[in-house]
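The structure appears right after this line, and notes come after that.
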Amino acid sequence: VSTTELEQCQQYLDLIEQQETGGTISDWPAFEKAVQSLYAKPDQEADPNLHVMTIHKAKGLEFDTVIIPGLNRKPRGDDKQLMLWQERVSKQGENQLIIGPLEQTGQDSDPLFKYLQREHQLKNQLEKARVLYVGTTRAIKKLHLMYTTDNELKPTANSLLESLWPVLESAIEAKAQGIHCHYQQQGEGEGEEMTNEPIPTLDHLQRLPTDWQHPKIIAVKGDAPVVIEQAPQDHDQGPLTERNPAARHTGTVLHRILRQIVVEGVNTWNLDTINNRKPFWDIQLRQLGVSQTDEALEVICRAITNCFQSDTAQWILSNQHSESLCEYAIGYITQGGKHKTAVLDRTFVADGIRWIIDYKMAEPAESESQQGFLSHQVQQYRGQLEHYAALFNQMDDTPIKIALYFPLINQLEIV
Numbered sequence: 036v037s038t039t040e041l042e043q044c045q046q047y048l049d050l051i052e053q054q055e056t057g058g059t060i061s062d063w064p065a066f067e068k069a070v071q072s073l074y075a076k077p078d079q080e081a082d083p084n085l086h087v088m089t090i091h092k093a094k095g096l097e098f099d100t101v102i103i104p105g106l107n108r109k110p111r112g113d114d115k116q117l118m119l120w121q122e123r124v125s126k127q128g129e130n131q132l133i134i135g136p137l138e139q140t141g142q143d144s145d146p147l148f149k150y151l152q153r154e155h156q157l158k159n160q161l162e163k164a165r166v167l168y169v170g171t172t173r174a175i176k177k178l179h180l181m182y183t184t185d186n187e188l189k190p191t192a193n194s195l196l197e198s199l200w201p202v203l204e205s206a207i208e209a210k211a212q213g214i215h216c217h218y219q220q221q222g223e224g225e226g227e228e229m230t231n232e233p234i235p236t237l238d239h240l241q242r243l244p245t246d247w248q249h250p251k252i253i254a255v256k257g258d259a260p261v262v263i264e265q266a267p268q269d270h271d272q273g274p275l276t277e278r279n280p281a282a283r284h285t286g287t288v289l290h291r292i293l294r295q296i297v298v299e300g301v302n303t304w305n306l307d308t309i310n311n312r313k314p315f316w317d318i319q320l321r322q323l324g325v326s327q328t329d330e331a332l333e334v335i336c337r338a339i340t341n342c343f344q345s346d347t348a349q350w351i352l353s354n355q356h357s358e359s360l361c362e363y364a365i366g367y368i369t370q371g372g373k374h375k376t377a378v379l380d381r382t383f384v385a386d387g388i389r390w391i392i393d394y395k396m397a398e399p400a401e402s403e404s405q406q407g408f409l410s411h412q413v414q415q416y417r418g419q420l421e422h423y424a425a426l427f428n429q430m431d432d433t434p435i436k437i438a439l440y441f442p443l444i445n446q447l448e449i450v
């Protein structure tokens, strides 16, 4: 036992002596409050690399390893307030005060009080999620999340674990990359590992070529803003996607994945990567409103698998091209004075030619030939791609090629 630990024990015994009367503690709430107020001096012999602190105090700091215990601990319930209030701004811009009083005994709850109570509960939930975000993002190398359960994996209501569970549960069940579970029975010194396999690590580092340069900022030729006579219609928001919002949301997630492949490097992805990340794609689809995700996930996995089996797709998704950009936004002004933004799925310069490529999730119907399908798609989206090319023509003189890429049939169609 260190000198510091002996001093801390003496502090506690002194407090008991102050609080006890006749060999017993007469006021336990006051005693517990006094214990919480005790100040423990730092142990001068402790490892300087070990810090014990609240999540609030850790804000702005980073540590190689972060351990967050007690995620499933039931929080202390809020006392019922005599009155709740909240400020709001009216449509006229005036500050207003909403006040809801506590109901009288035996009376129905005041509607305003119930509304404000729900607002306070929502604020507390959001604050709880924010605190958890701060805690988990302090880790540089390793993050240990610790919690106890009563035999079944179900989080306690209003606990920090409840906020994390929608993501953590699917990751644990899928044994996602970078997730390792270590189970331990209460009172045991050593836990039973879920698997003896080595813990997988996330490795997003990639070696850049010696001649790599940051993509240059594309400047407009001259001082005039980009002005386009007429912007094309947004085909992606047409009747088809209105009838089938699930297809639109599937395309949104696939676009995100294709961008992620470019950012991380196409050579860092393989079939195992697809299996490990499916739970996260499932979450993204559900967040967008897709309740039945099996079909959407099958389409996404088929598209990404095609990309890995195609030299053309790997060329498109390579981040080794000059001026390699994804989801590149260009602001412009129409002749009518309207400010608009065009977003290009993929653009880069290869062999002195700027490529502008739009991804499409479509594929031929059973009764449709591939050539007929491609002709129809080119006709439908030619105006949109020519619009993108016109924007770049006003910014630099690099020759341009425009194309559509269909990952479901692994086809690059030059327009």
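Here the sequence shown stands for residues 36 to 450, numbered as in the numbering used here. Glycine included, each C-beta is placed from N, C-alpha and C at the ideal position. Just so you know, these numbers come straight off a predicted model, no measurement behind them.
- Going by DSSP, which residues form a beta bridge with residue 202? DSSP, once it has assigned bridges, lists no residue as partnering residue 202.
- Query: Distance, Cα to Cα, residue 107 vs residue 81?
  - Reply: 29 angstroms
- Query: Using DSSP with H/G/I as helix, E/B as strand and the rest coil, what is residue 117?
  - Reply: coil
- Determine the direct distance from the alpha carbon of residue 323 to that of residue 349, and round the result to whole angstroms. If you take the alpha carbons of residue 349 and residue 323, they lie about 28 angstroms apart.
- Task: Could you say which of 379, 358, 395 lies nearest to residue 492 if we only look at CA atoms?
- Result: The first residue shown for the chain is 36 and the last is 450, placing residue 492 beyond what the model contains.
- My guess is that residue 393 and residue 352 are in contact by the Cβ rule of under 8 angstroms, so how many angstroms apart are they, rounded? About 14 angstroms separates the beta carbons of residue 393 and residue 352, which is beyond the 8 angstroms limit, so they are not a contact pair.
- Going by CA-CA distance only, name the one from 354, 343, 321, 333 that's closest to residue 294. 354
- Message: Comparing C-alpha positions only, which one of 310, 325, 300, 303 sits nearest to residue 284?
- Response: 325
- Kindly provide the ranges of any alpha helix (DSSP H) runs that are 4 or more residues long and lie completely inside the segment 121 to 170, ordered along the chain. none
- Message: Whether or not the segment 161 to 181 and the segment 93 to 101 are in contact is what I'm after, with contact meaning three or more pairs of Cβ atoms, one per stretch, closer than 8 angstroms; do they touch?
- Response: The segment 93 to 101 makes contact with the segment 161 to 181: 3 or more CB pairs, one atom from each, lie closer than 8 angstroms.
- Could you please give the first and the last residue of the uninterrupted beta strand (DSSP E) stretch that includes residue 368? 357 to 369
- Start and end residues, alpha helix (DSSP H) containing residue 304: Where residue 304 is concerned, there is no enclosing alpha helix (DSSP H), given that its DSSP letter is neither H nor E.
- Whether residue 205 touches residue 103 by CB criterion (8 angstroms): no
- Item | Nearest neighbour of residue 445, chosen from 416, 399, 437 [CA to CA] | 399
- Residue from 404, 388, 449 with nearest C-alpha to residue 433: 388
- Query: CA-CA distance, residue 427 and residue 361?
  - Reply: 15 angstroms
- Query: What residues in its chain sit with their C-beta under 6 angstroms from that of residue 271, if we drop five residues either side in the sequence?
  - Reply: Its pLDDT being 46, under 50, residue 271 is placed unreliably in this model, and the value from its coordinates should be taken loosely. Cβ neighbours of residue 271 beyond the five flanking positions: none.
- Query: On the three-state DSSP scale, how would you describe residue 106?
  - Reply: The answer is coil: DSSP assigns residue 106 none of H, G, I, E or B.
- Task: Decide if residue 390 is buried, meaning its Cβ has at least 16 other Cβ atoms within 10 Å, or exposed.
- Result: buried
- Message: Which of the three DSSP states is assigned to residue 375 in this structure?
- Response: Residue 375: strand per DSSP, three-state reduction.
- Message: Quick check on DSSP: helix, strand or coil for residue 391?
- Response: strand
- Indicate the three-state DSSP secondary structure (helix, strand or coil) for residue 172 in the structure shown. Look at residue 172 here: in three-state DSSP terms it is coil, with no helix or strand label.
- Could you work out which residue in 198, 406, 411, 314 is closest to residue 160 when comparing CA atoms only? 198
- To which residues of the same chain is residue 46 closer than 7 angstroms at the C-beta, ignoring the five residues directly before and after it? 73
- Message: According to DSSP, is residue 321 part of a helix, a strand, or is it coil?
- Response: helix
- Query: Of all the options 55, 424, 147, which has the alpha carbon lying nearest to the alpha carbon of residue 381?
  - Reply: 424
- Nearest-angstrom Cβ-Cβ length linking residue 339 and residue 292, presumed shorter than 8 angstroms: Right, the Cβ-Cβ distance comes to about 6 angstroms (below 8 angstroms), so this counts as a contact.
- Message: Under DSSP, the alpha helix (DSSP H) around residue 73 begins and ends at which residues?
- Response: Segment: none, residue 73 is in no alpha helix (DSSP H) and carries neither H nor E.
- With DSSP as the reference, label residue 85 as helix, strand or coil. coil
- Task: To the nearest angstrom, report how far apart residue 441 and residue 299 are at their CA atoms.
- Result: 21 angstroms
- Message: Using only the alpha-carbon positions, how far apart do residue 406 and residue 363 sit?
- Response: 30 angstroms
- Task: Give a yes or no on whether the C-beta atoms belonging to residue 68 and residue 194 are separated by under 8 angstroms.
- Result: No, the Cβ-Cβ distance between residue 68 and residue 194 is not below 8 angstroms.
- Message: Report the CB separation of residue 123 from residue 116 in whole angstroms; it is logged as a contact under 8 angstroms.
- Response: Not really, about 18 angstroms apart at Cβ, beyond 8 angstroms.
- Query: Looking at C-alpha atoms only, which residue of 384, 383, 368 is the closest neighbour of residue 377?
  - Reply: Of the listed residues, the one whose Cα sits closest to residue 377 is 368.
- Item | Among 371, 289, 89, the one whose alpha carbon lies nearest that of residue 167 | For residue 167, the closest C-alpha among the options 371, 289, 89 is that of 89.
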